[in-house]
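Visitor:
Number of protein chains: 2
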Amino acid sequence: MALIVQKYGGTSVGTTERIKCVATRVAKWQAQGHQVVVVVSAMSGETNRLIGLAKEIQSSPDARELDVIASTGEQVTIGLLSLALKAIGRKAVSYTGGQVRVLTDSAFSKARILSIDDHNIRRDLADGNIVVVAGFQGVDEAGSITTLGRGGSDTSAVAIAAALKADECQIYTDVDGVYTTDPRIVPEARRLTTVTFEEMLEMASLGSKVLQIRSVEFAGKYKVKLRVLSSFLDEGDGTLITFEDDRHMEQPIISGIAFNRDEAKLTVHGVPDRPGIAYQILGPVAEANIDIDMIIQNVGHDGMTDFSFTVGRGDYDRAKAILDQVQSRVGAREIAGDKTIAKVSVVGVGMRSHVGIASKMFRTLAEESINIKMISTSEIKISVVIDEKYLELAVRVLHKAFELDQVPA
Amino acid sequence: MALIVQKYGGTSVGTTERIKCVATRVAKWQAQGHQVVVVVSAMSGETNRLIGLAKEIQSSPDARELDVIASTGEQVTIGLLSLALKAIGRKAVSYTGGQVRVLTDSAFSKARILSIDDHNIRRDLADGNIVVVAGFQGVDEAGSITTLGRGGSDTSAVAIAAALKADECQIYTDVDGVYTTDPRIVPEARRLTTVTFEEMLEMASLGSKVLQIRSVEFAGKYKVKLRVLSSFLDEGDGTLITFEDDRHMEQPIISGIAFNRDEAKLTVHGVPDRPGIAYQILGPVAEANIDIDMIIQNVGHDGMTDFSFTVGRGDYDRAKAILDQVQSRVGAREIAGDKTIAKVSVVGVGMRSHVGIASKMFRTLAEESINIKMISTSEIKISVVIDEKYLELAVRVLHKAFELDQVPA
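Keeping their order, the protein sequence lines are chains A and B. At position 256 of the first sequence (counting the first as 1) the number is 256 in the numbering used here, and the numbers step up by one without a gap. Position in the second sequence counted from 1, then plus 1000, gives you the numbering used here.
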């Protein structure tokens, strides 16, 4: 017998019919002898409807009151799922975040979880109940309702699994696991049986939206065994997100090819190559709350250098305007920009113990005449910036070159 | 400066535009120097939508979970109204029933209020806030969400007014007060400036649906000054519901003509006139949870008698079926029924000190050849059952006979 926390997102509970399907699935797990806690999101579309009502009244709604309104979406789902479980003869009891209680700070609409009281849940599980908890929400010290921000239900599930020391936290989504790359680009993409937390974090930060990055960090920190599964398929073990030492010795070196189209590149040409220049250029950009991703400073010649960095495409215009102001102050020759780039990354913990991954990546791209504009590396990933038009080609050839279409021996 | 509790029903907060109007009205009261607590219902239609979702899953939904779902309606409204107040520059803070806390028993979907903690509300009022509270809901000792049943928001408002010892509890509805009778039937019907609690209770129980009867009882018990006002008109003092001794010496004898079409009559003909016969007939009806209103047992002849009573029209068929079974057991000759009756009542505390009201009522009806089928009286009301087709005529002639169209001197 295991203690399992399952999380179902908005699409999985989007209609009363789907809620009945979730109840059937949950009941099956309990019938196998497991104790089950279910964390749910609002029915799909409901959070947007509620926020829309609030915005009809106040264009930038007060965050405390917005949380009061938005949190009702999950509250409706917990009631409905509990009814569906009772309708098929299961004992069930629902809890809002405040009833659990999930204590958070008072940063309304982006609250952080401080602690979770597991008393009620444990008692109800011991009584044979399936416990249904509203995701995305908590309550602060003063008793005000808080929400964790978009996608916060994943974080709720992981935090509750951590508090209960659950055997596994299962995230049910509309995909059946984590893939070697996006199957819409590479039909041969393969579902990974396991992936490490670090790889998952790299993939999430690179635009692979299976799990909220915050929930992955949380699971890694509290050693929660996390599994991604499909809520629409009845079979399959999904993808287990593991700690490195849990895995077999023989690992594939590379786990996947991630990519991100949401990038734009800015270059400051001809700046004096002197100490502090990076700060003079990037300081004003950071102060405007623009996230900077890759940064490259060329080797200087004749006391001058070039300086390039990437930002999210939505921030490009603002970043460009800031650089235009900075230009004269730092004595730069020219500000250039490019919104038609993309980032492709090879991710895998096996890189740590294997050499030659980077050169294999670069050679593969060169063979297709794909020019590399920027490079950055971490311990377990190599990212390159290329022309956006070559993105699909690059992903396909890299997927093949690293033999990701082959089931590992 | 006064402390005022205002309650706005579902129609008054039915759209975001209407919620903005309510905010303007509330702000005006505060600007006049009053402290204001606002109790709100769910947006009109919302409670039915939520109950509809629950019934899609379970035809008779579990009451605890139904309350979890239904209570979100009011929760959305408190958030929206607080936003609307902030949008016009007022300080506002919202509370769910549980946050106040409104402690109730655990009779889900028909809970009774046990106590109200006024600490948070008083602190926020002292800080210059308008306090917005979700009506209809509370929380039990175990922390589960409860609801007070349909129309419970009136009761919430009165209970909060009682707990705060508010100077007045104002119920805003779609009518601008309590009338001498239904203006749709008698265009000369007049809004009453005041009406006593006892009269209000009689009128409510007779089908005049301005206020929930439970809230009136509650206000009477805790001496809460209750006023009914229109949420759509900007002027008018509505109707103040008073204690008898608050009123001037010179009272109108009769305050209003109430009526109820939702009645049906059943008669058991030819039963033995012996002790216990009433219980033998009415016991099985009461056990089936059918409310019995008027009861008449004729004077017996030759050891036999007739027995008549009225029930709600919706219960007629069930009651008739029960009597058909009872018939042979009690040896009755015949069971007769009539679904085309109506009840008309003359209500007024002045009846206590004035004679001749009943005879004036009977004479007035006789002059129009309206036959009286049953009569019942209380200290402050006389009710008669007549053919439904004469209802409007009876109401009009009684309204005129008792000079209710005249403003009292």
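Glycine included, every Cβ here is placed at the ideal spot set by N, Cα and C. All of these numbers come straight from a predicted model, not from anything done at the bench.
Between the Cα of B/G1009 and those of B/G1143, B/D1067, B/M1043, spot the shortest distance and give me the residue it belongs to.
Guide: Locating residue 1009 of chain B in the second sequence gives position 9, where the first residue counts as 1. Closest by alpha carbon: B/M1043.
Visitor: Just by C-beta distance, which residues in the region 1003-1026 of chain B are closer than 7 Å to chain A?
Guide: Per Cβ criterion, the list reads T1016, I1019, K1020.
Visitor: Looking at the secondary structure, which residues open and close the alpha helix (DSSP H) in which A/F309 lies?
Guide: Position 309 of the first sequence, counted from the start, is the residue given in the question as residue 309 of chain A. Premise fails: A/F309 lies in the beta strand (DSSP E), 304-311, not in any alpha helix (DSSP H).
Visitor: Tell me which residue opens and which closes the beta strand (DSSP E) that B/Q1058 is part of.
Guide: Working through the second sequence from its first residue, we reach residue 1058 of chain B at position 58. No beta strand (DSSP E) contains B/Q1058, which DSSP labels as neither H nor E.
Visitor: Quick check: the Cα distance between B/Q1170 and B/K1223, rounded to an integer number of angstroms?
Guide: Counting from 1 along the second sequence, the entry for residue 1170 of chain B is found at position 170. Counting from 1 along the second sequence, the entry for residue 1223 of chain B is found at position 223. Roughly 14 Å separates the two Cα atoms.
Visitor: If you run the structure through DSSP and keep just helix, strand and coil, what is A/S383?
Guide: Indexing the first sequence from 1 puts residue 383 of chain A at position 383. Looking at A/S383 - three-state DSSP - the assignment turns out to be strand.
Visitor: Taking Cβ-Cβ distances shorter than 7 Å, what residues in chain A pair up with B/K1265?
Guide: Position 265 of the second sequence holds residue 1265 of chain B. Per Cβ cutoff of 7 Å: no residues; B/K1265 is ~40 Å from chain A at best.
Visitor: Quick one: give me the first and last residue of the beta strand (DSSP E) that A/S115 is part of.
Guide: Taking the first residue of the first sequence as position 1, residue 115 of chain A is located at position 115. Its beta strand (DSSP E) spans residues 113-116.
Visitor: Could you list which residues in chain B have their beta carbon closer than 8 Å to that of A/D62, in chain order?
Guide: Taking the first sequence and counting its residues from 1, one reaches residue 62 of chain A at position 62. Those are S1082, L1083, K1086, listed as they occur along chain B.
Visitor: Run through DSSP, which three-state label would B/K1265 get?
Guide: For the purposes of this step, residue 1265 of chain B is taken as residue 265 along the second sequence, with counting starting at 1. Of the three classes helix, strand and coil, the one that applies to B/K1265 here is strand, per DSSP.
Visitor: Would you mind stating whether A/I386 and A/A394 have Cβ atoms separated by less than 9 Å?
Guide: The residue labelled residue 386 of chain A in the question sits at position 386 within the first sequence. The residue labelled residue 394 of chain A in the question sits at position 394 within the first sequence. Cβ distance < 9 Å, so A/I386 and A/A394 count as in contact.
Visitor: Ordered along the chain, which non-local residues of its own chain (more than five positions away) have a Cβ less than 8 Å from that of A/R227?
Guide: Here residue 227 of chain A corresponds to residue number 227 of the first sequence, with the count starting at 1. Once the five neighbours on either side are set aside, the close Cβ partners of A/R227 are E168, C169, Q170, I171, D237, G238, T239, L240, I241.
Visitor: So B/K1373 packs on B/K1265, CB below 8 Å; how close in whole Å?
Guide: Counting from 1 along the second sequence, the entry for residue 1373 of chain B is found at position 373. Counting from 1 along the second sequence, the entry for residue 1265 of chain B is found at position 265. Right, the Cβ-Cβ distance comes to about 7 Å (below 8 Å), so this counts as a contact.
Visitor: Which of the three DSSP states, helix, strand or coil, is assigned to A/A342?
Guide: Locating residue 342 of chain A in the first sequence gives position 342, where the first residue counts as 1. Residue state, collapsed to three classes: strand.
Visitor: In chain B, what lies closer than 8 Å to A/I130 by C-beta?
Guide: Here residue 130 of chain A is taken as the residue at index 130 of the first sequence, counted from 1. Correct list: empty, because the minimum Cβ distance to chain B is about 12 Å.
Visitor: Would DSSP call A/G9 helix, strand or coil?
Guide: In the first sequence, counting from the first residue as 1, residue 9 of chain A sits at position 9. Of the three classes helix, strand and coil, the one that applies to A/G9 here is coil, per DSSP.
Visitor: Roughly how many whole angstroms lie between the Cα atoms of A/D182 and A/R191?
Guide: Here residue 182 of chain A is taken as the residue at index 182 of the first sequence, counted from 1. Here residue 191 of chain A is taken as the residue at index 191 of the first sequence, counted from 1. The straight-line gap from Cα to Cα measures roughly 10 Å.
Visitor: Taking 9 Å as the threshold (C-beta atoms), are A/V133 and B/L1050 in contact?
Guide: For the purposes of this step, residue 1050 of chain B is taken as the residue at position 50 of the second sequence. For the purposes of this step, residue 133 of chain A is taken as the residue at position 133 of the first sequence. Result no, Cβ atoms of B/L1050 and A/V133 do not sit closer than 9 Å.
Visitor: Quick one: give me the first and last residue of the beta strand (DSSP E) that A/V330 is part of.
Guide: If you number the first sequence from 1, residue 330 of chain A lands on position 330. Counting along the chain, A/V330 falls outside any beta strand (DSSP E), though it belongs to the alpha helix (DSSP H) covering 316-330.
Visitor: Could you say which of A/A162, A/Q406, A/I380, A/T96 lies nearest to A/F197 if we only look at CA atoms?
Guide: Position 197 of the first sequence, counting from 1, holds the residue named residue 197 of chain A. Out of A/A162, A/Q406, A/I380, A/T96, A/I380 has the C-alpha closest to the C-alpha of A/F197.
Visitor: Counting only Cβ-Cβ distances shorter than 8 Å, please list the residues of the region 325-340 of chain A near chain B, keeping chain order.
Guide: Going along the region 325-340 of chain A in chain order, one finds no residue with a Cβ nearer than 8 Å to chain B.
Visitor: Which residues, in order along the region 88-116 of chain A, keep a beta-carbon less than 7 Å from a beta-carbon of chain B?
Guide: Of all residues in the region 88-116 of chain A, S94, Q99 have a Cβ within less than 7 Å of some Cβ in chain B.
Visitor: Once DSSP output is grouped into helix, strand and coil, what is the label at B/F1362?
Guide: As a first step, residue 1362 of chain B is located in the second sequence; it is residue number 362 there, counting from the start. In the structure shown, B/F1362 sits in a helix (DSSP, three-state: H, G or I).
Visitor: Taking the alpha-carbon of B/E1046 as reference, which of B/V1026, B/S1071, B/K1028 has the nearest alpha-carbon?
Guide: The residue labelled residue 1046 of chain B in the question sits at position 46 within the second sequence. Among B/V1026, B/S1071, B/K1028, the Cα nearest to that of B/E1046 is on B/S1071.
Visitor: Tell me, to the nearest whole angstrom, how far the beta carbon of A/R318 is from that of A/I290; I am working on the premise that it is less than 8 Å.
Guide: As a position in the first sequence, residue 318 of chain A is number 318, starting the count at 1. As a position in the first sequence, residue 290 of chain A is number 290, starting the count at 1. Yes, they are in contact, since the Cβ atoms of A/R318 and A/I290 sit about 6 Å apart, within 8 Å.
Visitor: Determine the closest residue to B/E947 out of A/D62, A/L53, A/L66, A/G79, with distance taken between C-alpha atoms.
Guide: The question about residue 947 of chain B has no answer, for chain B in this structure spans 1001 to 1409.
Visitor: In three-state terms, what does DSSP make of A/R184?
Guide: To locate residue 184 of chain A, count along the first sequence from 1; it is residue 184. Coil at A/R184, not helix or strand.
Visitor: Which residues in chain A sit within 7 Å of B/I1069, going by Cβ to Cβ distance?
Guide: As a working note, residue 1069 of chain B is residue 69 in the second sequence. Result: V76, G79, L80.
Visitor: Under a Cβ-count criterion, where at least 16 other Cβ atoms within 10 Å of its own Cβ denotes burial, should B/A1366 be classed as buried or exposed?
Guide: Against the second sequence, residue 1366 of chain B aligns to sequence position 366. Exposed.
Visitor: In terms of DSSP beta bridges, what is A/V195 paired with?
Guide: For the purposes of this step, residue 195 of chain A is identified with residue 195 of the first sequence, where counting begins at 1. A/V195 is bridged to A/I241.
Visitor: Can you tell which of B/V1040, B/V1102, B/D1127, B/I1121 has the C-alpha that lies nearest to the C-alpha of B/S1115?
Guide: Walking along the second sequence from the start, residue 1115 of chain B turns up at place 115. Minimum Cα distance to B/S1115 is reached at B/V1102.
Visitor: For B/F1309, tell me which candidate among B/Q1325, B/S1376, B/S1359 has the shortest Cα-Cα distance.
Guide: Walking along the second sequence from the start, residue 1309 of chain B turns up at place 309. Residue B/S1376 is the option with its Cα nearest to B/F1309.
Visitor: Within the region 67-103 of chain A, note down every full beta strand (DSSP E) run reaching 3 residues or more, in order along the chain.
Guide: Whole beta strand (DSSP E) segments, 3+ residues: 92-95.
Visitor: Could you check the C-alpha separation between B/G1270 and B/Q1280 for me, to the nearest Å?
Guide: In the second sequence, counting from the first residue as 1, residue 1270 of chain B sits at position 270. In the second sequence, counting from the first residue as 1, residue 1280 of chain B sits at position 280. Taking the straight line joining both Cα atoms gives about 14 Å.
Visitor: According to DSSP, is B/I1295 part of a helix, a strand, or is it coil?
Guide: For this step, residue 1295 of chain B is matched to residue 295 along the second sequence. Reduced to three states, the DSSP call for B/I1295 is strand.
Visitor: Below 8 Å on the Cβ atoms is my contact criterion, and I expect B/S1448 with B/F1136 to pass it. Report the Cβ-Cβ distance as a whole number of Å.
Guide: With chain B running from 1001 to 1409 in the structure shown, residue 1448 of chain B is simply not present.
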